[in-house]
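Colleague: Encoded as structure tokens, here's the structure I'll be asking about.
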Amino acid sequence: MSSISTIQLVDAFTDRPFSGNPAAVAFCDSYPSAAFLQAVATELNLSETAFVRSRGDGTHDLRWFTPTTEVALCGHATLASAHTLGGNAVFHTKSGTLTCTEGVAGEILMDFPLDRPTQVEMPKHMASLNITWAGRGIFDLLFVADDAAQVRSFVADREELIDFDARCVIISAPGDQPGIDFVSRVFAPRVGVLEDPVTGSAHCTLAAYWGDRLGRNHLYGEQASTRGGIVSMSRKEDRVVLGGHAVTVGRMELMIDESALVVRPAQ
374 MSSISTIQLV DAFTDRPFSG NPAAVAFCDS YPSAAFLQAV ATELNLSETA
424 FVRSRGDGTH DLRWFTPTTE VALCGHATLA SAHTLGGNAV FHTKSGTLTC
474 TEGVAGEILM DFPLDRPTQV EMPKHMASLN ITWAGRGIFD LLFVADDAAQ
524 VRSFVADREE LIDFDARCVI ISAPGDQPGI DFVSRVFAPR VGVLEDPVTG
574 SAHCTLAAYW GDRLGRNHLY GEQASTRGGI VSMSRKEDRV VLGGHAVTVG
624 RMELMIDESA LVVRPAQ
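Under my numbering, the very last position in the sequence shown is 640; numbers go up by exactly one each time.
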């Protein structure tokens, strides 16, 4: 019997299946080794797999793995995890305690740390974008262009992007649709994801930048990937509440346990 009881597949930051950002949410009776968790995430090969463990007091531990590594913060897999628990949840994570609550019309609201980027030198490549501002947050680089069309048409070059010393490279521009304050795309080849469809944690940085630039605390962002998604943001001091919907698209059972893990010697 595996210590992982069930796995649900959830599309996050969308109210329609097969859009937004897919995540796997694995419920653990106890946490197996990090190597086994990583093996499961690699097998599922989604941008994030969330591993949830009940503390028995109504709160849960939560860890996130990409296909190649464990990360310290992930928004869409947190949203997916809260969705599987009914919308209201408290998670203990590497980024502190994250509280999720059910909002209006099924939207889930996530209380995350705001991440104010610090201006840095302009990149020497990325010539296909007319970058007007560059900054670095805790985890990610943010490059701001002057035209949403440039963001939408940007063609990712893995070798170009992996040269940047950051978890993710975010590109963003002012919104070009009614009700959308900015558009963005997010690339993370250093953690095994060339382009992430909708990235909640990146909006901790985006909310800080665009909120200051536009002089507003309530924002809507479109992540303009192929699957696409909308993120609502509400800033308050050093926190930001990220909002989005989620849809469960499937369930599966893991048929093996940690004893099946083959640890290969380092090359």
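In this text, a Cβ means the ideal position worked out from N, Cα and C, and glycines have one as well.
Just so it is clear, the structure is predicted and the values come from calculations on it, not from any experiment.
Can at least three beta-carbon pairs, one atom from the region 514-521 and one from the region 568-587, be found at a separation below 8 Å?
Modeller: In short, these stretches touch, since the Cβ pair count reaches three.
Colleague: Taking buried to mean at least 16 other C-beta atoms within 10 Å of its own C-beta, is P570 buried or exposed?
Modeller: buried
Colleague: Excluding sequence positions up to five away, which residues of its chain have a Cβ less than 6 Å from the Cβ of S375?
Modeller: Same-chain partners within the cutoff: L627, D630.
Colleague: Opposite T432 in the DSSP bridges: which residues?
Modeller: None; T432 has no bridge partner.
Colleague: For the beta strand (DSSP E) that contains D320, what are its first and last residues?
Modeller: Any answer about residue 320 is impossible in this case: the structure gives the chain only from 374 up to 640.
Colleague: Does the Cβ of E568 have 16 or more other Cβ atoms within 10 Å, making it buried, or fewer, making it exposed?
Modeller: buried
Colleague: Is it the case that the region 421-430 contacts the region 548-556, given that we only count it when at least three CB pairs across the two stretches are under 8 Å?
Modeller: no
Colleague: Contact defined as beta carbons within less than 8 Å: I believe G573 pairs with V604. What is the distance between those atoms, to the nearest angstrom?
Modeller: Contact flag correct, Cβ pair sits at about 7 Å.
Colleague: Check this for me: beta carbons of V493 and G469, under 8 Å apart or not?
Modeller: no
Colleague: Which residues does DSSP pair with K609 in a beta bridge?
Modeller: R612
Colleague: Can you tell me whether V622 is buried or exposed? The criterion is at least 16 other CB atoms within 10 Å of its CB, across all chains shown.
Modeller: exposed
Colleague: For the region 443-457 against the region 605-625, are there 3 or more C-beta pairs whose distance is under 8 Å?
Modeller: Short answer: they touch.
Colleague: Using C-beta distances below 7 Å, list every residue in its chain close to G476, excluding the 5 sequence neighbours before and after it, in chain order.
Modeller: The residues are L482, G616.
Colleague: What whole-angstrom Cβ distance do N418 and P440 have, given they're in contact under 8 Å?
Modeller: 5 Å
Colleague: Determine the extent of the beta strand (DSSP E) in which H591 is found, giving its start and end residues.
Modeller: Counting along the chain, the beta strand (DSSP E) containing H591 begins and ends at 591-596.
Colleague: If I follow the unbroken alpha helix (DSSP H) through E494, where does it start and stop?
Modeller: E494 -> no alpha helix (DSSP H), and no H or E assigned at all.
Colleague: Would the beta-carbon of V556 fall within 8 Å of that of A521?
Modeller: yes
Colleague: Just to confirm the assignment, what range does the beta strand (DSSP E) spanning C447 have?
Modeller: Run containing C447: none; DSSP gives neither H nor E here.
Colleague: Assign L592 to buried or exposed, taking buried as 16 or more other Cβ atoms, counted over all protein chains shown, within 10 Å of its Cβ.
Modeller: buried
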